[in-house]
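Numbering (the UniProt record's numbering), first residue to last: 1 to 224.
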């Protein structure tokens with residue numbers, strides 16, 4: 001909330017607290033779920049584009065998704081900044097600041113749209129744009145943050161798997177002791193994986209359920 005409108009009665013304040021306890025978690029789940037769908041759709045589009053271009057590796061990496069998400073956030077903020085700069089007669093920087101504070105749900109209240117010239121009553125097109133823009137922007141930001149979180153998750157999983165492989169190699173060679181970083185120039189035998197199977201270091205992204213968010217009940221693919 002920006003703070004320009006707040007409940008004044010005790011009953012209104014109680015209702016606001018109860019409503020927030022129910023509404024905030026549902027809203028977060030909704031935006032994260034929409035973000036997942038956006039990420040899945042973008043991933044599909046990138047895969048199809050790579051195949052149409054005849055690239056050798058048509059797989060979409062996490063780095064590709066994070067890059068697309070980052071530029072999507074920048075574009076969303078710039079579009080909103082241009083629109084609010086026009087309607088509110090703010091500078092582009094102040095309008096960009098307003099969009100950032102709004103879409104990150106900080107909401108200081110130092111800049112609030114739709115407060116001039118009774119815009120809520122006299123400019124329905126602007127009201128509709130603000131409503132759609134904020135909902136869309138929150139979804140885009142949520143999708144990008146989801147990708148960033150998953151990126152850190154996969155990096156941590158890669159480190160853990162590498163340590164497990166090295167630990168298994170030490171155990172096989174009878175060299176149990178303090179864990180040391182493996183020599184990059186050395187080659188790990190194909191059978192020295194933590195799961196006992198061959199193939200060396202497997203792609204950890206296969207263990208992540210296609211960019212599922214932290215709000216999902218399924219983080220990883222079930223191993224059959």
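All C-beta atoms in this analysis are idealised placements derived from N, C-alpha and C, irrespective of residue type, glycine included.
With a CB to CB cut of under 8 Å and the five nearest residues on each side skipped, what residues in its chain are close to residue 78?
Within the same chain, 96 come within 8 Å of residue 78 by CB-CB distance, once the 5 residues on both sides are set aside.
For residue 12 and residue 285, the rounded distance between their alpha carbons:
Here the chain comprises residues numbered 1 to 224, so residue 285 is not present and cannot be evaluated.
Out of 6, 51, 66, state which residue places its alpha-carbon closest to the alpha-carbon of residue 145.
Nearest option by C-alpha distance: 66.
So the alpha helix (DSSP H) residue 66 belongs to, where does it begin and stop?
Its alpha helix (DSSP H) spans residues 62-88.
8 Å Cβ cutoff met for residue 80 and residue 4
Cβ distance not < 8 Å, so residue 80 and residue 4 don't count as in contact.
Let me know the secondary structure DSSP gives residue 125 once reduced to three states.
Residue 125 falls in the helix class under three-state DSSP.
Three or more beta-carbon pairs under 8 Å between the region 47-61 and the region 27-38, yes or no?
No: fewer than three Cβ pairs fall under 8 Å.
Does the distance from the CB of residue 113 to the CB of residue 92 come in under 8 Å?
Going by C-beta atoms, residue 113 is not nearer than 8 Å to residue 92.
Here's a check: name, in chain order, each residue in its chain whose Cβ is nearer than 7 Å to the Cβ of residue 197, leaving out the five neighbours to either side.
A caution first: residue 197 carries a pLDDT of 45, below 50, which makes its placement in the model unreliable, though a value can still be read off. The beta carbon of residue 197 sits closer than 7 Å to no other beta carbon from its chain once the five residues preceding and following it are set aside.
What residue range does the alpha helix (DSSP H) around residue 39 cover?
Start and end: 10-52.
Among 169, 94, 147, which one has its Cα closest to the Cα of residue 61?
Just measuring C-alpha positions, the residue of 169, 94, 147 sitting nearest residue 61 is 147.
Selected residue, minimal CA-CA separation from residue 135, among 42, 150, 76:
Looking at the Cα atoms, 76 is the closest of the given residues.
How would you write the range of the alpha helix (DSSP H) that residue 98 sits in, first residue to last?
Looking at the DSSP string, the run of the alpha helix (DSSP H) that includes residue 98 is 92-103.
What would DSSP say about residue 173, mapped onto helix, strand or coil?
If DSSP states are grouped into helix, strand and coil, residue 173 belongs with coil.
What's the C-alpha gap between residue 98 and residue 16?
Those two C-alpha atoms are separated by around 25 Å.
If we ignore side chains and look at the alpha-carbon of each, how far apart do residue 43 and residue 54 end up?
Distance from the CA of residue 43 to the CA of residue 54, rounded to the nearest whole angstrom, comes to 17 Å.
Measure from the alpha carbon of residue 106 to the alpha carbon of each residue in 89, 138, 172, then state which is nearest.
For the options 89, 138, 172, the alpha carbon positioned closest to that of residue 106 is the one of 138.
Roughly how many angstroms lie between the CA atoms of residue 87 and residue 162, to the nearest whole one?
Residue 87 and residue 162 have their C-alpha atoms some 54 Å from each other.
What would DSSP say about residue 56, mapped onto helix, strand or coil?
It is coil, neither helix nor strand.
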